[in-house]
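Enquirer:
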Amino acid sequence: MNRREGGEAQVTLKIPRPLYEQLKQVIAGSGFHSVTEFAVYVLRDLVSHHGGTGKGPIAPGQDEAAAVDVDPLSPEEIEAIRQRLQSLGYL
Numbered sequence: 067m068n069r070r071e072g073g074e075a076q077v078t079l080k081i082p083r084p085l086y087e088q089l090k091q092v093i094a095g096s097g098f099h100s101v102t103e104f105a106v107y108v109l110r111d112l113v114s115h116h117g118g119t120g121k122g123p124i125a126p127g128q129d130e131a132a133a134v135d136v137d138p139l140s141p142e143e144i145e146a147i148r149q150r151l152q153s154l155g156y157l
């Protein structure tokens, strides 16, 4: 586990290489600096729209108390996502 400047712990998320390469193409010229940055925004957005509880989806076999707390996106982050999705032609 790595620590960021803000003391936030990070973990590695493994995805198939072909998906990674596709995502690199998707974010080219979008304002995202890395596939990781894009994935974090997408996942935060997904979690923030999941019941508004601040907790992500509960995996099979996981009890509700084990769900991870996630800070909701700020209005600035939401606007940045909208602008980037629009530049990608999704909006």
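In case it helps, the numbering used here puts the sequence shown at residues 67 to 157.
The C-beta atom is built at its ideal place from N, Cα and C for all residues, glycine as well.
1. Pull up the CB-CB distance for VAL101 and LEU154, whole angstroms please, since I reckon it's below 8 Å.
2. With a cut-off of 8 Å on the beta carbons, I'd call ILE147 and ASP111 a contact; round off their distance for me.
3. What did DSSP end up calling ALA146 once you bin it into helix, strand or coil?
4. Count the other C-beta atoms from every protein chain shown that fall within 10 angstroms of the C-beta of VAL77, then say buried if there are 16 or more, exposed otherwise.
5. Can you name the start and end residues of the alpha helix (DSSP H) that THR78 belongs to?
6. Among TYR107, TYR156 and HIS116, which residue has its Cα nearest to the Cα of PRO141?
7. Using a Cβ-Cβ cutoff of less than 8 Å, which residues in the same chain neighbour TYR86 once the five nearest sequence positions on both sides are dropped?
8. Return helix, strand or coil for GLY122, following the three-state DSSP convention.
Expert: A quick look at the data gives this:
1. Actually they do not touch by this definition, with Cβ atoms about 14 Å apart.
2. That pair is a contact at about 6 Å.
3. Secondary structure of ALA146 (DSSP, three-state): helix.
4. Residue burial is scored here from C-beta neighbours: VAL77 has fewer than 16 other C-beta atoms within 10 angstroms and is therefore classed as exposed.
5. Taken as a continuous stretch (DSSP letters only), THR78 belongs to no alpha helix (DSSP H), as it is neither H nor E.
6. Taking only the C-alpha atoms, the option nearest PRO141 is TYR107.
7. Taken in chain order, the residues that qualify are VAL101.
8. The pLDDT assigned to GLY122 is 47, lower than 50, so where the model puts this residue is not dependable; a value taken from the coordinates is nonetheless given after this. In the structure shown, GLY122 sits in coil (DSSP, three-state: anything other than H, G, I, E or B).
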